[in-house]
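A.B. asks: Residue numbers (the working numbering), protein chains in the order written: chain A, 64 to 268; chain B, 64 to 268; chain C, 64 to 268. Where is the CB? At the ideal position from N, CA and C, for every residue including glycine.
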Amino acid sequence: MSAPLLFTILNVLGTFVFGLSGAMVAIRHRFDIFGILVLSVATGVAGGMTRDLLLGAAPPEALTTFWPMAVASLAGVTAFFFTSAIERFNRPVMLMDAVGLGVFAVAGCRKALQFGLDPLGAILLGMITAIGGGIVRDIMATETPRVLHEDVYALAAFAGAATYAVALAAGVPETAAASGAVLLAVSLRLASVRLGWKLPRPPRS
Amino acid sequence: MSAPLLFTILNVLGTFVFGLSGAMVAIRHRFDIFGILVLSVATGVAGGMTRDLLLGAAPPEALTTFWPMAVASLAGVTAFFFTSAIERFNRPVMLMDAVGLGVFAVAGCRKALQFGLDPLGAILLGMITAIGGGIVRDIMATETPRVLHEDVYALAAFAGAATYAVALAAGVPETAAASGAVLLAVSLRLASVRLGWKLPRPPRS
Amino acid sequence: MSAPLLFTILNVLGTFVFGLSGAMVAIRHRFDIFGILVLSVATGVAGGMTRDLLLGAAPPEALTTFWPMAVASLAGVTAFFFTSAIERFNRPVMLMDAVGLGVFAVAGCRKALQFGLDPLGAILLGMITAIGGGIVRDIMATETPRVLHEDVYALAAFAGAATYAVALAAGVPETAAASGAVLLAVSLRLASVRLGWKLPRPPRS
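(1) In chain C, which residues lie less than 9 Å from residue 202 of chain A when you measure between Cβ atoms?
(2) Classify residue 258 of chain B: buried if its beta carbon has 16 or more other beta carbons within 10 angstroms, exposed otherwise.
(3) Establish whether the CB of residue 131 of chain A and some CB of chain B are separated by less than 8 Å.
(4) Taking only the alpha-carbon atoms, compute the straight-line gap between residue 181 of chain B and residue 246 of chain A and give it to the nearest angstrom.
(5) Please classify residue 123 of chain C: does DSSP put it in a helix, a strand, or coil?
(6) Between residue 214 of chain A and residue 86 of chain C, what straight-line distance do the alpha-carbon atoms span, to the nearest angstrom?
(7) Tell me whether the stretch 133-140 of chain B and the stretch 143-151 of chain A touch, counting them as touching only if at least three CB pairs, one residue from each stretch, are closer than 8 Å.
(8) Can you tell me which of A:112, A:92, A:89, A:100 puts its alpha carbon nearest to the alpha carbon of residue 193 of chain A?
(9) Could you list which residues in chain C have their beta carbon closer than 8 Å to that of residue 123 of chain A, in chain order?
(10) Report the residue from A:124, A:224, A:211 whose alpha carbon sits nearest the alpha carbon of residue 94 of chain C.
(11) Comparing the C-beta of residue 135 of chain B with each C-beta of chain C, is any distance below 8 Å?
(12) Distance cutoff 8 Å, beta carbons only. Does residue 198 of chain A sit that close to anything in chain B?
(13) Please decide whether residue 95 of chain A counts as near chain E, where near means a Cβ-Cβ distance under 8 Å.
(14) Just to make sure I have the definition right: I need the residues of chain C whose C-beta is within less than 7 Å of the C-beta of residue 89 of chain B. Which are they?
(15) Can you have a look at residue 128 of chain A and say buried or exposed, based on whether 16 or more other CB atoms are within 10 angstroms of its CB?
(16) Considering only C-alpha positions, which residue in the set C:173, C:223, C:203 is nearest to residue 99 of chain C?
(17) Anyone know if the C-beta pair for residue 172 of chain A and residue 133 of chain A falls short of 8 Å?
(18) So with CB distances below 8 Å, who are the chain B contacts of residue 101 of chain A?
(19) List the residues of chain B that residue 264 of chain C touches, going by C-beta distances under 8 Å, in chain order.
(20) Going along chain B in order, which residues have a C-beta closer than 7 Å to the C-beta of residue 119 of chain C?
(21) Is residue 248 of chain C closer than 8 Å to residue 168 of chain C when the C-beta atoms are compared?
(22) Spatial neighbours of residue 103 of chain A within its chain, please: C-beta separation below 6 Å, excluding the five flanking residues on both sides.
(23) Assuming residue 195 of chain B and residue 110 of chain B are in contact, meaning their beta carbons sit under 8 Å apart, how far apart are those beta carbons, in whole angstroms?
(24) Rounded to a whole number of angstroms, what is the C-alpha to C-alpha distance between residue 177 of chain A and residue 78 of chain A?
(25) Can you check the stretch 165-221 of chain A for any alpha helix (DSSP H) of at least 4 residues that lies completely inside it and give the ranges in chain order?
(26) Once the 5 residues before and after residue 162 of chain C are set aside, which same chain residues still bring their CB inside 8 Å of it?
(27) Which residues of the stretch 142-153 of chain A have a Cβ closer than 7 Å to any Cβ of chain B? Give them in chain order.
(28) With 8 Å as the threshold, decide whether the Cβ of residue 78 of chain C is near any Cβ in chain A.
(29) Against residue 127 of chain C, what residues of chain A qualify as contacts under a CB-to-CB distance less than 9 Å, listed in chain order?
(30) What number of angstroms, rounded off, separates the C-alpha of residue 119 of chain B from the C-alpha of residue 114 of chain C?
(31) Where does residue 97 of chain A land, buried or exposed, given buried means 16+ other C-beta within 10 angstroms?
(32) Determine, for residue 68 of chain C, whether the minimum Cβ-Cβ distance to residues of chain A falls below 8 Å.
(33) So, are the CB atoms of residue 186 of chain B and residue 221 of chain B less than 8 Å apart?
(34) Using a Cβ cut-off of 8 Å (strictly closer), state whether residue 116 of chain A contacts chain B.
(35) Of the residues B:154, B:179, B:153, B:197, which one's Cα is nearest the Cα of residue 165 of chain B?
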């Protein structure tokens, strides 16, 4: 698969699963269909909008191309009509969020590299792209952003973006670097939840 | 009335009523006069700042021209001194918010069209301009943004911006298109509250 | 001391103390080490990122230079390992926050003047730079931003930025104007807390 095609797929996938996660949070709060759409779109496009603003690429892709809003809206409508099917997954918001996290970390890092940021800045921007949607979703739902209280969350995004940037610098072909990095980030996140990995906490005082 | 004059009036009006709504929320939380000013200014200018950042028009109008901060501050001071008069309105925050919503949806859409966005992007940016101030106000007051839990809120903004863009494309003169679209959006929002319109919600699971 | 060196010191100091304040809030909420880092970095760099975006200076300094993220991360690590030493200060979050507030108000105002904003816009941008980090920190921790409910908070930032801009316009040398303005803003903030200064509140209705 060519790299541009792979990244188009990753970006669409990330927007859709983040959109689903936002919609499921909205449904849990019993918002109406338009509230669901607003939260699914905000969650689906917030990371990419932040990325584009930080890169100086305004207006952001979400306003100049049709697909981000359309894909995120489709996720909202899908969640509305198939709520109980989605709820049959084990912790659906966590699952969708984990996939979006890994995908956007790598895709955000790539766009930052294309815009000329050096690798460290690009890794950080990938991480911001990945955690941005979830922060907007959780804050709008007046919940503490899970990036703060979940172990191995921003760390998984960081690992994904860093793996991609380092692999690329080491001469790994782009599609292999991207696929591997996404898999690593998503696996890290899911494994940490499943296996209950804990990062160090400060001692109680 | 010329279109530029009409839009100047609309922008000043929107900034003032959003400023009032922010101030009334601050007063309800018993913040001091400077807290009231911060929330009235944040609510009054946040939508326009977001609009300008997304259009790549930085520094935003609120920092390069005098009036947005001045008008929003004036709204804060007005609310401080005339609290009980404003509270005599039925649900003053909702009322001010509805007027600002309709005004900014259309004014934001127009600025986006002037910056060369295509109609769909411009409608979405008009909606973001309209709902941005209220989201900032509600999140800063740690309330769930009403764009999520109020029926017919983002939908009213969307309808206003879309009506304006479509009317313009259909050859309706600009002042007529703008006035009609603002009236439509504000009426939709107020009617939905007054008549208790409900949008569909997902079935309880 | 040369002005560029002074401002480098001020920016590093502000980033570090805001980073500490974010970390201490994260520790109070018992987040893990990566959650602490995310909140210390977000708090340390949010004000400057907002400043740069509003000035049209994207990508912001925090992504193109190494030090802001490094300094804010160092603050997070420091808080993690020296929690009880920091807690021996009287109200450490308030103290760190006050220093960052004064420093960033003046440094933000200076950068805005360098980018050609007129003095009033530059003072406002200085204030936004100063209060931005604390707003992000408090909202992410689902607390009401202290800029809203603490007396003499945004006012102290405003006073610092305004003193700097006015002194500069009056011909005061830059290092003297900056040092005096920072001292004034920090003192105002700390004195208001220590002496319990109250700004007017609206009468109870």
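C.D. replies: Judging by the given coordinates:
(1) One-based indexing of the first sequence puts residue 202 of chain A at position 139. Per Cβ cutoff of 9 Å: 202, 203, 205.
(2) Here residue 258 of chain B corresponds to residue number 195 of the second sequence, with the count starting at 1. With fewer than 16 other Cβ atoms inside 10 Å of its own Cβ, residue 258 of chain B counts as exposed.
(3) Here the question's residue 131 of chain A lines up with position 68 in the first sequence. By this cut-off, residue 131 of chain A is not an interface position.
(4) Taking the second sequence and counting its residues from 1, one reaches residue 181 of chain B at position 118. Taking the first sequence and counting its residues from 1, one reaches residue 246 of chain A at position 183. Near 37 Å, if we compare the C-alpha coordinates of residue 246 of chain A and residue 181 of chain B.
(5) Taking the third sequence and counting its residues from 1, the one referred to as residue 123 of chain C is at position 60. Of the three classes helix, strand and coil, the one that applies to residue 123 of chain C here is coil, per DSSP.
(6) Residue 214 of chain A sits at position 151 when you count from the first residue of the first sequence. Residue 86 of chain C sits at position 23 when you count from the first residue of the third sequence. Rounded to whole angstroms, residue 214 of chain A to residue 86 of chain C spans 16 Å at the Cα level.
(7) no
(8) As a first step, residue 193 of chain A must be located in the first sequence, where it is residue number 130. Per the Cα distances, A:112.
(9) What you label residue 123 of chain A is simply residue 60 of the first sequence in a count that begins at 1. Neighbours of residue 123 of chain A on chain C: none; closest Cβ ~11 Å, over 8 Å.
(10) Residue 94 of chain C sits at position 31 when you count from the first residue of the third sequence. Of A:124, A:224, A:211, the residue nearest in Cα terms is A:211.
(11) Taking the second sequence and counting its residues from 1, the one referred to as residue 135 of chain B is at position 72. Cβ-Cβ to chain C under 8 Å: no for residue 135 of chain B.
(12) For the purposes of this step, residue 198 of chain A is identified with residue 135 of the first sequence, where counting begins at 1. By this cut-off, residue 198 of chain A is not an interface position.
(13) Considering every chain present, this structure includes no chain E. Its protein chains are A, B and C.
(14) Locating residue 89 of chain B in the second sequence gives position 26, counting from the first residue. Under the 7 Å cutoff, chain C gives 211.
(15) As a first step, residue 128 of chain A must be located in the first sequence, where it is residue number 65. With fewer than 16 other Cβ atoms within 10 Å, it is exposed.
(16) If you number the third sequence from 1, residue 99 of chain C lands on position 36. Of the listed residues, the one whose Cα sits closest to residue 99 of chain C is C:203.
(17) Taking the first sequence and counting its residues from 1, the one referred to as residue 172 of chain A is at position 109. Taking the first sequence and counting its residues from 1, the one referred to as residue 133 of chain A is at position 70. Their beta carbons are not under 8 Å apart, which means residue 172 of chain A does not touch residue 133 of chain A by this criterion.
(18) Taking the first residue of the first sequence as position 1, residue 101 of chain A is located at position 38. Going along chain B in sequence order, the residues near residue 101 of chain A (Cβ under 8 Å) are 194, 210, 211, 217.
(19) Working through the third sequence from its first residue, we reach residue 264 of chain C at position 201. The answer, in chain order, is 93, 94, 95, 96.
(20) Numbered from its first residue, the third sequence carries residue 119 of chain C at position 56. Neighbours of residue 119 of chain C on chain B, chain order: 121, 122.
(21) Along the third sequence, read from residue 1 onward, the residue named residue 168 of chain C stands at position 105. Along the third sequence, read from residue 1 onward, the residue named residue 248 of chain C stands at position 185. Yes. Within cutoff.
(22) Sequence index remark: in the first sequence, residue 103 of chain A carries index 40 (1-based). So the qualifying residues of the chain are 82, 85, 86, 135, 138, 139.
(23) Working through the second sequence from its first residue, we reach residue 195 of chain B at position 132. Working through the second sequence from its first residue, we reach residue 110 of chain B at position 47. Sure, about 4 Å apart at Cβ, within 8 Å.
(24) Here residue 177 of chain A is taken as the residue at index 114 of the first sequence, counted from 1. Here residue 78 of chain A is taken as the residue at index 15 of the first sequence, counted from 1. Answer to the nearest angstrom: the Cα atoms are 20 Å apart.
(25) 182-203, 209-212
(26) Position 99 of the third sequence, counted from the start, is the residue given in the question as residue 162 of chain C. Within the same chain, residue 162 of chain C has close Cβ partners 76, 77, 80, 249.
(27) 143, 146, 147, 150
(28) In the third sequence, counting from the first residue as 1, residue 78 of chain C sits at position 15. No, no contact with chain A.
(29) Indexing the third sequence from 1 puts residue 127 of chain C at position 64. For the C-beta of residue 127 of chain C, the chain A residues within less than 9 Å are, from N- to C-terminus, 180, 181, 184.
(30) The residue given as residue 119 of chain B occupies position 56 in the second sequence. The residue given as residue 114 of chain C occupies position 51 in the third sequence. One C-alpha to the other measures close to 14 Å.
(31) As a first step, residue 97 of chain A is located in the first sequence; it is residue number 34 there, counting from the start. By the neighbour-count rule (16 or more Cβ atoms within 10 Å), residue 97 of chain A is buried.
(32) Sequence index remark: in the third sequence, residue 68 of chain C carries index 5 (1-based). For residue 68 of chain C, the answer is no, since every Cβ of chain A falls outside 8 Å of its Cβ.
(33) For this step, residue 186 of chain B is matched to residue 123 along the second sequence. For this step, residue 221 of chain B is matched to residue 158 along the second sequence. Taking 8 Å as the Cβ cut-off, residue 186 of chain B and residue 221 of chain B qualify as a contacting pair.
(34) What you label residue 116 of chain A is simply residue 53 of the first sequence in a count that begins at 1. Taking Cβ atoms only, chain B reaches closer than 8 Å to residue 116 of chain A, which makes this a yes.
(35) Within the second sequence, numbered from 1, the residue matching residue 165 of chain B stands at position 102. With distances taken between Cα atoms, residue 165 of chain B lies closest to B:197.
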